[in-house]
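Working notes for the structure below.
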Amino acid sequence: MTTVRGTTDAYAALEDGALVGLVGEREGLALEALYGRYGRVCYGLARRVLGDETLAQDVVQEVFLAVWRDAGRYDAGRGALSTWLLSMTHHKAVDSVRREENLRRRRNAALSDVFETGADDVDDEVWSLLRRERVRSALATLPVAQREALTLAYFGGYTQREIAGLTTTPLGTVKTRMLAGMRKLRDVLDGVADEGASR
Amino acid sequence: MNGALSHEPWEELAVGYALAALEPEDEQRFLAHLPNCPTCRQTVAQADGVLAQLAYAAEPANPPHQLLERLRATVGQSGTAGGDREPHSAAGRVLHRRRSHRVGRRPGEGGLASRLRTRGAALAFAALVTIGGLAGWNVALHNDVASQDTRASRVDDLLRSMAKPGAAKVALDEPQTGATKGFAVLDGQHVWLVLDGLAANNPAASTYVLWQKNAAGNAAALGSFDAAGGTQVVDIGTMHPQPGGVAALAITKEHGRAIPAQPGTPVAAGPVSQ
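Rendered as structure tokens:
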């Protein structure tokens, strides 16, 4: 398996915004550099949601082609480039999984813990470990019901109504749990809340 | 307050929208509301930022090489070192001329403990696995043997620091976007940085500096380093805590090679949890 980082060396000094600007000027190598920076995390997310490597590849290709076609859509004032790419990846993966309509695979994907890395660089491994630890510690601060609602939606691709059915919970309660859980996660990840506390 | 309470249902929809979890009729209703509501636009943006971090719980993975080839073919780039056009940027032209293929890397077999060269490293990893519950890693090292030894040894030491009781792992986020640019690992005696996506600096003209700040806001430099871009582990060195403890860390990019007395504008920063 070839590392996706092999083409990024000459662009290492460029910030994300500058790189996207070059993509907007139709510089294909700049797109490759972006793919090198974020292809792994996008693919990992798509693979987790879809539970299918071929479909995940299709999603990642769609994401980076969308950047190629309209790099001007990225607005740095609204958030990080990684946020934009991962949001696109998630939405496309969820669209794809709903087309597939494999409910059992979706539930397994939502609740499973995947430890296989597939990376071929120890620095990348340590980075992935730290990021994963951080988010899992943050998730652990949530009440179980809030965590379940968020992970079923994010990794399982379920709608709020489907989650209400799966958990035998009123739809209004699911919506409330998602909002409360998201606010709590935001505060923990921003360092505002004590990461060790849980209700 | 009545206004806040009446808006809560919209914020619930905003979170559902960010999660792609709305039923079609709810999504339609919310999209009609969104252009006229800055509160909801902010809620969606904040939720997107949180969810981008959640994505890392999914474990990044290398896509197959053919995906890159498909991408290249679709955007009109050839798959060889020679492209059809000279890129516009200087970086692109340099890469275009000396492009090389790093092919033939294969994922290693066996777990990380079996690949690291020292018994001490294997024990440190085992401790980390026990503490973090992270069994079953399957990691490959670069085929470059010399750099592999150096990097494995450095990561050995970092893993030992991470496994020490009370070791702090501090996320360093870009202030404007919230993007995580690195983690600092403090084990009470030593400081490490694990960086990803911090733009490479020109070592002839600038340097990055890692700062500690106490609760009173007083800053002291922990050390300086050069960023290579991409992912890298940096050994900052021995930690000398300042009076008042460490409340926060920050990375600045300074002109020249000397560490200034006071930090410039942070490029990444984060609080130290107690």
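From first to last, the protein sequence lines are chains A and B. To convert, count from 1 in the first sequence and add 5; that's our numbering. To convert, count from 1 in the second sequence and add 1174; that's our numbering. For each residue, glycine too, the CB sits at the ideal point set by N, CA and C.
query: What does the Cβ neighbour count give for B:D1347, buried or exposed, with the cut at 16 atoms within 10 Å?; result: buried
query: Any C-beta of chain B sitting closer than 8 Å to the C-beta of A:T88?; result: yes
query: Compare the C-alpha of A:R74 against each of B:L1333, B:P1198, B:T1248 and name the closest.; result: B:T1248
query: Using only the alpha-carbon positions, how far apart do A:A51 and B:V1408 sit?; result: 30 Å
query: What does a CB cutoff of less than 8 Å around A:V140 pick up in its chain, not counting 5 residues either side in sequence?; result: L194
query: Which class does B:A1393 belong to by DSSP, given the choice of helix, strand or coil?; result: strand
query: So, do the segment 66-84 of chain A and the segment 1215-1224 of chain B have three or more beta carbon pairs nearer to each other than 8 Å?; result: yes
query: Can you grab the Cα-Cα spacing for the pair A:V149 / A:T172, in whole Å?; result: 12 Å
query: Across the segment 1180-1190 of chain B and the segment 52-60 of chain A, are there enough close Cβ pairs to call them in contact, namely three or more that are closer than 8 Å?; result: no
query: Provide the residue span of the alpha helix (DSSP H) that contains B:A1424, from first to last.; result: Note, B:A1424: premise wrong, no alpha helix (DSSP H); beta strand (DSSP E) at 1422-1429.
query: For A:E121, which residues from the same chain have a beta carbon less than 6 Å from its beta carbon, with the 5 sequence-adjacent residues on both sides left out?; result: Because A:E121 sits at a pLDDT of 48, beneath the cut-off of 50, its placement in the model cannot be relied upon, and the following sentence gives the value as read from the coordinates. Correct list: empty, nothing qualifies.
query: Under the assumption that B:V1329 contacts A:V131 (Cβ atoms under 8 Å), give the Cβ distance between them as a whole number of angstroms.; result: 6 Å
query: Can you tell me the Cβ-Cβ gap for B:A1443 and B:A1422, rounded? I've got them flagged as a contact below 8 Å.; result: 6 Å
query: In angstroms, rounded to a whole number, what distance separates the CA positions of A:E138 and B:K1355?; result: 15 Å
query: Any idea if A:G186 is buried or exposed, counting beta-carbon neighbours within 10 angstroms, 16 or more meaning buried?; result: buried
query: Leaving aside the five residues before and after A:I168 along the sequence, list all residues of the same chain whose C-beta is less than 7 Å from its C-beta, in chain order.; result: A154, L157, A158, V179
query: For the segment 1189-1254 of chain B, which segments carrying the alpha helix (DSSP H) assignment without a break, of at least 4 residues, lie completely within its bounds, in sequence order?; result: 1198-1207, 1212-1228, 1239-1249
query: Looking only at its chain, what residues have a beta carbon closer than 8 Å to the beta carbon of B:R1203, apart from the 5 residues adjacent to it on each side?; result: L1187
query: Assuming B:Q1386 contacts B:V1420 (C-beta within less than 8 Å), just tell me the rounded distance between them.; result: 5 Å
query: Whole angstroms are fine: how far does the CA of A:Q151 sit from the CA of A:A15?; result: 44 Å
query: Could you pull out every residue in the same chain whose Cβ sits closer than 6 Å to the Cβ of A:L27, ignoring the five residues on either side in sequence?; result: A35
query: Tell me whether A:Y16 sits in a helix, a strand or coil according to DSSP, three-state version.; result: helix
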